[in-house]
Each structure stands twice: as structure tokens, then as C-alpha cells.
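Structure first, commentary second.
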DNA sequence: GTCTATAACGGGATAGAC
DNA sequence: GTCTATCCCGTTATAGAC
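Protein chains in written order, with my numbering: chain L, 975 to 1182; chain W, 975 to 1182.
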């Protein structure tokens, strides 16, 4: 894959984080990437195609830095690693903010743009499974389905808190505190359901 | 307030739910509302002003139907009422879907449009307090700060789950199950922290 | 592969009649 | 208050040279 193409995708993430999907102008993107407008249409089908590729690019990049970060502390306790991985997205660092903002934008756009849904669903499933795995490292006895459900809740909460933080209605520190507490609560909950024999039988909450 | 003006706001919610803020065309809005484009500019400053008013309109409407629904079951147990109020937003009914979609869109837009932030922050604070109050009815002994934090988590989770549902990456039934379980977990958590030595206290009045 | 120049048009906003 | 008609700018997308 050409250098230019990658440069355009990186620039797209930057511009989306700055202006939103709605505010993305192919011209501004061209300037940001240091190329001409026409080259963007040469490398990508059209505006929507570009967005699709950017979504995949952003989610790969997020996955990459999450994994790197965790690998660096592979010796750390599973719970610490889980917290790190989730709180990583709630930091006021340029590249984190950029990735979170772009991700949020593209997710929101997917509600109205079916072309984005496949990429979004794929990225989402990968992320949930990753978190489920880390939860599994914390709670080896918990059943897979419970881990997935827990990961679903934690990642959805993270997206909700992130959206509030980025739209300026929740201070970052509150978002981080909320996330940290939720992790603790979730782990405790899963631990209780996973080891019913230790204490009294604790059945699942409500029937569907 | 004129009939027309309200009709335009209602139509705006409908069109935003159909096309997104990004896809809202003043012309389509005019058709939907059964008025001319010019009238929209007569009643609202400009496109952004219209969005601001629509945000306030949508959040008022949501508050209204939440309250109505709860009032109808005022005799129900507090926990049931809390669940009802939150799960209300996760239903595949036209007007609910419309409100949730429009709300999500406007929230996402606020990240890049400071003009929307004040309305958004206000609506958000009202909603969190409402949920915190209902949590307080379930757990009279819990301190106000814990209730607010819990409500923050529950509403943020709801927004996260809702976004996933509406973007088609999470089935509605999963979203509802996740929400229901989270409520149970959260209430249990708050109950434990509020009554470290005993449980079942149900008589204390409003904490400060 | 990459550029400059331009076509083509969608859509926000306004003028002015009634 | 409400309409019809229209302006006109910004934006996507393409043509064609190098």
C-alpha cells in the first residue's frame, strides 16, 4: 500500500476528529495530507468509500495501540491490564482524542450510512472479544457468555462516557472515575455469578 | 408559540431521525412540515438555530413521556419504575426510535458545534438527576453523590447501548438485556456501599 | 501516480409579493 | 405569517496534462 494512501487515511482521521464526518471537506483533507484533491479520488472510490476505509484504519490503529500498551505490561495483573486497556481511551492526548472522536463520528454516521455498517460491526466485535478475553483472564471460571455480556456492557459504557466527555458535558475525570468504578462493579458481579457454590446460590437476575 | 413553529420542530425531529443531522435538508424538512423553506428561516435564525431548538424540543418531549409513563405506574415498586424509565428508550416504536435517534444525532453533532452544547448539557443534567431520584427511591440510604454517580453510569450505558442498537451492530434484545442486568448490578452495588453492616433499611428520608 | 483546472450541482439563505 | 422565485457559494467529482 502506497505511502500516500496511508498519509491520506491518517489525515482523514485527523480532519474527522477536527471537524466531524459532516464537516470533512475533501479539500481540507487534501491540504492536511499534502496532496491534491484529485489524488484522493484516484485512491478512493468516492467520499463514502474514503470514510469506509478510514473507519477500518482507525479501528486497526486503536487495536494496535491497545495491544502494544498491554503487551508492555504483560507482567501486570489481569485486572490492572483490563483497566489500562479501557481507560486508555479516556485520555486527553492528541492521538487518543483523535481516535476516539473519529470512531464516535463514524459510528454515529453508520446509523444513516449502511455502507459503513459492516466495517463497524466487525471492529466492534473484535473489540468486545478482546475485552472479554481480558475479563476472562481476571475471572478464569466465568462462562464465556457472561464474559461477552460483561464486555458488551463495559465497552458500551465506555462509548457512552466517551461521547459525553467529547461533547463537553462530562469532565474527563468524571468519565474516568465512572469507568473505573464500573469495571470494579462488573468484575465483582461476574465473580459472584461464576462461583455460586462458595456463597449461597445466586441465580441470574431476571428471566427474559 | 405558533402551531406552525411546533409543526416544524416536530418535523425536524422526524427528518433528523430519518436522515441524521448530516442529512437534514431544509427543503425536505419544509415538505415534511407542510410549509415553505422560507418560513423555516422566518421562524428560526438559521440551520444551526433550528437544530438548537430541536434539541430542546426533543429533550422536553422525552422528559414528558418518561414522566407520564412513570406517573401511570406510580404505585409500582421503585425498582420497577426505574427499569421502566430506562428501558423505555430501548423500544422499537416509531416515536421512541425517532426520539432516541434524534437525540443521539444532536449529541454527536454537539462535539463539533459549540452552539448545541448548552442545550445538551442542560438536558443531560436534568435526565441524570431524574434517574438519580428514581435510584434514590430504590435506595433511600444511599448518599446523593453515589446516586448521581450511579445515574451517570446508567444513563451513559443506555446511550452507548442505544447507539449500538441504532447503528445496527447490536440486536435490540441484547441491548435491553444488557441494560436490565446493569440496573440490577448497579442497585446491588449501591446497596452494598450504602449499608456496609446491614441491608434492607427502607425508612430513612431524603439524604442531603 | 500526481497535478491543475473546471464542470456540475446541491442546498443554504434571501428578496419581495401577498 | 406565509408564499414563490432566485441567487450564489461551497463542494463533490472529473477531464486531461505531465
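Glycine included, C-beta positions come from ideal geometry on N, C-alpha and C. All values reported here derive from a predicted model rather than from experimental measurement.
- Proximity of chain W to residue 1100/L at the Cβ level (cut-off 8 angstroms) is not reached, the minimal Cβ distance being about 12 angstroms.
- DSSP, reduced to helix, strand and coil, places residue 1009/L outside both helices and strands of the structure shown, so it counts as coil.
- Interface annotation, residue 1159/W: in contact with chain L, CB-CB separation under 8 angstroms.
- Contact check for residue 1014/L against residue 1003/L passes: the beta carbons are separated by less than 8 angstroms.
- Counting along the chain, residue 1058/W sits inside the alpha helix (DSSP H) bounded by residues 1052–1061.
- Per DSSP, residue 1066/W lies in no alpha helix (DSSP H) segment and is marked neither H nor E.
- In this model, residue 1087/W and residue 988/W are separated by some 21 angstroms (Cα to Cα).
- If you draw a straight line from the Cα of residue 1036/L to the Cα of residue 1029/L, it is about 11 angstroms long.
- Short of 6 angstroms from the beta carbon of residue 1075/L, and not among the five residues preceding or following it, lie these beta carbons of its own chain, in chain order: 991 and 1140.
- A contact is defined here as three or more CB-CB pairs under 8 angstroms, and the stretch 1153–1166 of chain W fails this definition with respect to the stretch 1101–1113 of chain L.
- In the three-state reduction of the DSSP assignment, residue 1142/W falls in the coil class, being assigned neither a helical nor a strand state.
- Cβ contact annotation for residue 980/W (same chain, cutoff 7 angstroms, sequence separation greater than five): none.
- Here residue 1148/L carries a helix assignment [DSSP, helix/strand/coil].
- In the three-state reduction of the DSSP assignment, residue 1086/W falls in the coil class, being assigned neither a helical nor a strand state.
- Residue contact check for residue 982/W against chain L: no CB pair falls below 8 angstroms.
- Using a C-beta cut-off of 8 angstroms, the stretch 1100–1110 of chain W makes contact with the stretch 1123–1131 of chain W, since at least three inter-stretch Cβ pairs fall below that distance.
- For residue 1163/W, the chain L residues whose Cβ falls inside 7 angstroms of its Cβ are 1159, in order along the chain.
- For the stretch 1059–1085 of chain W, the set of residues with a beta-carbon nearer than 8 angstroms to any beta-carbon of chain L comprises 1075, 1078, 1079, 1081, 1082, 1083, 1084 and 1085, in chain order.
- The beta carbon of residue 1051/L sits no closer than 8 angstroms to any beta carbon of chain W.
- Straight through space, the alpha carbons of residue 1042/W and residue 982/W are spaced by roughly 24 angstroms.
- With contacts defined as CB atoms closer than 8 angstroms, residue 1009/W and residue 1079/W fail to qualify as a contacting pair.
- Residue ranges of uninterrupted alpha helix (DSSP H) with 4 or more members, entirely inside the stretch 1089–1116 of chain L and ordered along the chain, are 1091–1112.
- Residue environment: residue 1098/W is assigned as buried (16 or more neighbouring CB atoms within 10 Å of its CB, all protein chains considered).
- Taking a beta-carbon distance threshold of 8 angstroms, residue 995/L counts as an interface residue toward chain W.
- For residue 1131/L, the chain W residues whose Cβ falls inside 7 angstroms of its Cβ are 1127, 1130, 1131 and 1134, in order along the chain.
- Within the stretch 1138–1149 of chain W, contact with chain L at the beta-carbon level (separation under 9 angstroms) is assigned to 1138, 1140, 1141, 1142, 1143, 1144, 1147, 1148 and 1149.
- For a Cβ distance threshold of 8 angstroms, residue set 1123 and 1127 of chain W lies close to residue 1155/L, ordered along the chain.
- When the five nearest sequence neighbours on each side are left out, the beta carbons in the same chain lying within less than 8 angstroms of the beta carbon of residue 1132/W are those of 1060, 1063, 1064 and 1153, in order along the chain.
- Of the candidates 1073/W, 1159/W and 1039/W, the residue whose Cα lies closest to the Cα of residue 1058/W is 1039/W.
- According to the DSSP assignment, residue 983/W belongs to the alpha helix (DSSP H) that extends over 977–997.
- Leaving aside the five residues that flank residue 1072/L on each side, the residues in its chain whose CB is nearer than 7 angstroms to its CB run, in chain order, 987, 988 and 991.
- In terms of CA proximity to residue 1067/W, 1146/W leads the group 1054/W, 1056/W, 1016/W and 1146/W.
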